[in-house]
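**Q** In the numbering used here, the protein residues as written are 7 to 231. Before I ask anything, here is the structure I am working with.
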Ligand SMILES: Nc1ncnc2c1ncn2[C@@H]1O[C@H](COP(=O)(O)OP(=O)(O)O)[C@@H](O)[C@H]1O
Ligand SMILES: [Mg+2]
C-alpha cells in the first residue's frame, strides 16, 4: 500500500503588506504526498507555489494548519528542531542553483557532508557515485563557471541527494534552462523517485507535466487535484 510521507492540513499562510492588505498566499490547502512519487504543483506566478513548498519543507511556518511529516506535526517546531529536520530529511533544488564558485563540482556535491563525522574517503566515494548518476563524471573537476546551466543544475541535484533526503523540494528547477535541459532535469528528478524519494516540483512550465505522477493545480492560494 502506498505510504503517505507528508501532508498539509488546512494550511493558511497570510502575508500582511502595508497596514491593511492581507494576502492569502495559502487559502486552506490540503495535500498529501506518497513515498517515491513525483508531484508537480502547477500554477501561474504569484499563485502560492513557493509559499506552499516553503511551508511543507519547514523553511516557513503556516499561519494556520498543520504539516504532518511521518505522523508528526512539524508546523510548530522551533527553528533549531526544524533545521535538524531539514538537514536529515529534506533536499532543496532552486531555480538559481547557487553552487559555491570556488569549489569544483565534486566538492560542491560533497559539501553538505563536511560538517558530519565521516571519513573523507567515504564522502568522496558517495559524491562520485552521485555525480555518475547525474551524468557528469567527466566534468567533476570543473568549477561551476565552466559548466552550462543544465550541468550546474545537475550538480545541484546531486548535492541535494547526498544526504539521502526522503523528500526533495524543487522550486522552478528549470526556470533558467532551455527546453531540452529542462526536460533532462525532470528526467533526472523522476529517476530519483525509484529509490523511494518523494519529489515535489513547483513550476509554471506546463510542458513538463508528462513527468508527474500526480499534478496539483494552484490558483490564488488554492490547490486542486
Ligand atoms: N514575504 C512575502 N511578503 C509578502 N507577500 C508575499 C511574500 N512572499 C510571497 N508573497 C505573496 O504571496 C503570493 C504567493 O507568492 P508565491 O508563493 O511566491 O507564488 P509563486 O511561487 O506561485 O509565484 C503572491 O501574491 C506574493 O506576492
Ligand atoms: Mg515561486
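Just so it is clear, CB atoms sit at the ideal spot from N, CA and C, and this is done for glycine as well.
Spatial neighbours of residue 83 within its chain, please: CB distance less than 8 Å, with the 5 preceding and 5 following residues excluded, ordered by chain position.
**A** Correct list, in chain order: 64, 91.
**Q** Curious, which full-length alpha helix (DSSP H) runs of at least 4 residues does the segment 73 to 134 contain?
**A** Correct list: 85 to 95, 111 to 116.
**Q** Which residues neighbour ligand 1 when neighbourhood means a C-beta less than 6 Å away from any of its non-hydrogen atoms? List them by chain order.
**A** Chain-ordered list of matching residues: 21, 23, 29, 31, 49, 51, 52, 53, 54, 55, 56, 57.
**Q** Near residue 196, what residues of its chain come up, given a Cβ to Cβ distance below 6 Å and the 5 sequence neighbours on each side ignored?
**A** Cβ within range, chain order: 44, 217.
**Q** With a 10 Å radius around its C-beta and 16 neighbouring C-beta atoms as the bar for buried, classify residue 105 as buried or exposed.
**A** Classification of residue 105: buried, given that the 10 Å Cβ count is 16 or more.
**Q** Whole angstroms is fine: what's the gap from residue 130's alpha carbon to residue 26's?
**A** Approximately 53 Å, taken between the alpha carbons.
**Q** Give me, in chain order, the residues of the same chain whose beta-carbon lies closer than 6 Å to that of residue 8; leave out the 5 immediate sequence neighbours on both sides.
**A** 40.
**Q** Please tell me whether, using a cut-off of 7 Å, the distance from the CB of residue 176 to the nearest non-hydrogen atom of ligand 2 is below it.
**A** No; taking the cut-off as 7 Å, the Cβ of residue 176 has no heavy atom of ligand 2 nearer than that.
**Q** For residue 157, collect the residues of the same chain with a Cβ closer than 7 Å to its Cβ; drop the 5 residues on either side in sequence, then sort them by chain order.
**A** 142, 145.
**Q** According to the neighbour-count rule (16 or more other Cβ atoms, all chains shown, within 10 Å of its Cβ), is residue 212 buried or exposed?
**A** Under this definition residue 212 is an exposed residue.
**Q** Looking at the structure shown, is residue 19 part of a helix, part of a strand, or coil, going by DSSP?
**A** Three-state result, residue 19: strand.
**Q** Do you know how far the Cα of residue 161 is from the Cα of residue 114?
**A** Their Cα atoms are separated by approximately 8 Å.
**Q** Going straight from the alpha carbon of residue 152 to that of residue 137, what length do you get?
**A** Looking at the two C-alpha atoms, the distance is approximately 16 Å.
**Q** How would you call residue 224, buried or exposed, if buried means at least 16 neighbouring beta carbons within 10 angstroms?
**A** The residue is buried, with at least 16 neighbouring Cβ atoms inside 10 Å.
**Q** Check the DSSP bridge columns for residue 27 and list the partner residues they point to.
**A** Partner(s): 23.
**Q** Say the cut is 7 Å; is the CB of residue 133 nearer than that to a heavy atom of ligand 2?
**A** Checking every heavy atom of ligand 2 against the Cβ of residue 133, none is found closer than 7 Å.
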